[in-house]
Amino acid sequence: MAKQKITAKEKKEMKEFFAALEQMEQERGIPKEYIIDKISEAITVAARKDYGGNDIVTCVIDMEKEIFRVVARKEIVEKVENPYTQISAADASKIDPDSIENGFLDIKLDPKKFGRVVAQNSKNNFRQGVKDAERDQVLKEFQNKIKEIVTATVERIDPKNGNAILTIGHSEATLPKLEQVPDEELKEGDLIKVYVIDVKESDKGPRIMLSRTHPGLVKRLFETEVPEIFDGTIEIKSITRQAGSRTKMAVWSENSEIDAVGACIGQKGARVNKIVEELKGEKIDIVKYSDDPVAFISEALSPAKVVSVEIESEEQKICKARVPESQLSLAIGNKGQNVRLAAKLTGWKIDIHPESGFFGE
């Protein structure tokens, strides 16, 4: 293709055009290449209508060289039979002798000439393309973050349903009221950590499922705070949670010389306290996991001291735990919370009885 002459005004306009592409990529996260393809396609389709729909129009947008040109290539002939695709030698010389190459003339077209046509005929297609690009970006971004923690900014709280509208990077997502910690008041501008449960396609675009109540949030916080968990030296075997109130977590290490519980608590409680602070004061019980159900159930009922555990049915996983009378309320917990979380942590149905044997007999 013959070299096109570019005026100073055109250079300035091109610079502004490419600067706008850069800005759109930064603000909306849509790759420049994608936008360029859509613009090029829209202009080419619109311009070809002026040439009887013939495939002689080319739109070139080169980001690296900052070149934006639209040309229609016509064949130079002695007798013009198709005015859309052919041009006489005399007319070609009048238009631009420098653009004649190998029997063809490249007629430089003004992209702005097609601006209105592109806007009318290709607006919906382009907008849909941008939406598709944004949707793909969101999917790619969050599919890599499933079961991970992300930091979000609270944009607003819906006064009708209490849902929090969040901004995460270039994307907007909703934290439903049911996935918010009870009694936690979120305010506009707050920076919060949320757990990405899943990302699903829907008719309205990607649906990002977020939570502040999921036990996975606490698990990931411990992985961040405790290097031994992150590198696999300590394993979180089980975790259960009543968000805003209490979490129970069972940890274990293959290395018998490592105090798994102590490592998670940290020196003077430094590690666990950071997580408690992040969770706005939520209590966290860290217990030692054991393959022995009696030992594990005893640990799970912490902070209560357990005198004995009797297995009543291994098949149905039912047991009876005896505690001193003074520990009954502690073992059961407020509204049964402690024993309920211990049951979820271990997978056993636990009946609490006093050491004397009189309660509940």
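Residue numbers (my numbering): -17 to 343. Ideal Cβ placement from N, Cα and C applies to all residues, glycine included.
- Between V243 and V269 a beta carbon distance of about 7 Å is seen, short of the 8 Å cut, so the two are scored as contacting.
- DSSP places K76 outside any beta strand (DSSP E); the residue lies instead in the alpha helix (DSSP H), whose first and last residues are 71 to 77.
- Straight across, the Cα-Cα distance linking I128 with Y177 is about 8 Å.
- Just measuring C-alpha positions, the residue of K159, K175, R117 sitting nearest S153 is R117.
- For the pair D32 and K20, the Cα-to-Cα distance works out to about 20 Å.
- According to the DSSP assignment, I17 belongs to the alpha helix (DSSP H) that extends over 14 to 30.
- Under the three-state reduction of DSSP output, Y177 falls in the strand class.
- Residue pairing for C41: DSSP places it in a beta bridge opposite V52.
- In the DSSP assignment, A146 falls within the unbroken beta strand (DSSP E) covering 146 to 150.
- In this structure the region 287 to 307 does not lie against the region 245 to 264, because fewer than three pairs of beta carbons, one per stretch, are closer than 8 Å.
- Per DSSP, reduced to three states, the secondary structure at D88 is strand.
- Residue nearest to E205 within the set G151, V233, Q224, E337 is V233 (criterion: CA-CA distance).
- Distance from the CA of D180 to the CA of Y66, rounded to the nearest whole angstrom, comes to 54 Å.
- Annotated three-state conformation of P188 is coil, per DSSP.
- Scanning the region 233 to 282 for uninterrupted beta strand (DSSP E) segments of 3 residues or longer gives 265 to 270, listed from N- to C-terminal end.
- Looking at the DSSP output, S220 sits in a beta bridge with A232.
- Ranked by Cα distance from D273, the options A313, K265, G329, K256 are led by G329.
- Ranking G226, I190, N36, C41 by CA distance to the CA of T149 puts I190 first.
- Remark: fewer than three beta-carbon pairs, one from each stretch, lie closer than 8 Å, so the region 34 to 52 and the region 68 to 79 are not flagged as touching.
- Closest option to S193, judged by alpha-carbon separation, among L91, G263, Q319, I131: I131.
- Each residue's CA atom was taken as its position, placing A303 and R228 some 21 Å apart.
- Under the criterion of beta carbons closer than 8 Å, I12 and A115 qualify as touching, at roughly 5 Å.
- By the Cβ-count criterion, L173 is exposed, with fewer than 16 other Cβ atoms from all chains shown falling within 10 Å of its own Cβ.
- Per DSSP, the unbroken beta strand (DSSP E) holding K331 starts and ends at 331 to 336.
- The residue from S235, T156, Q319, L160 with its alpha-carbon nearest to that of D213 is S235.
- Secondary structure of Q162 (DSSP, three-state): coil.
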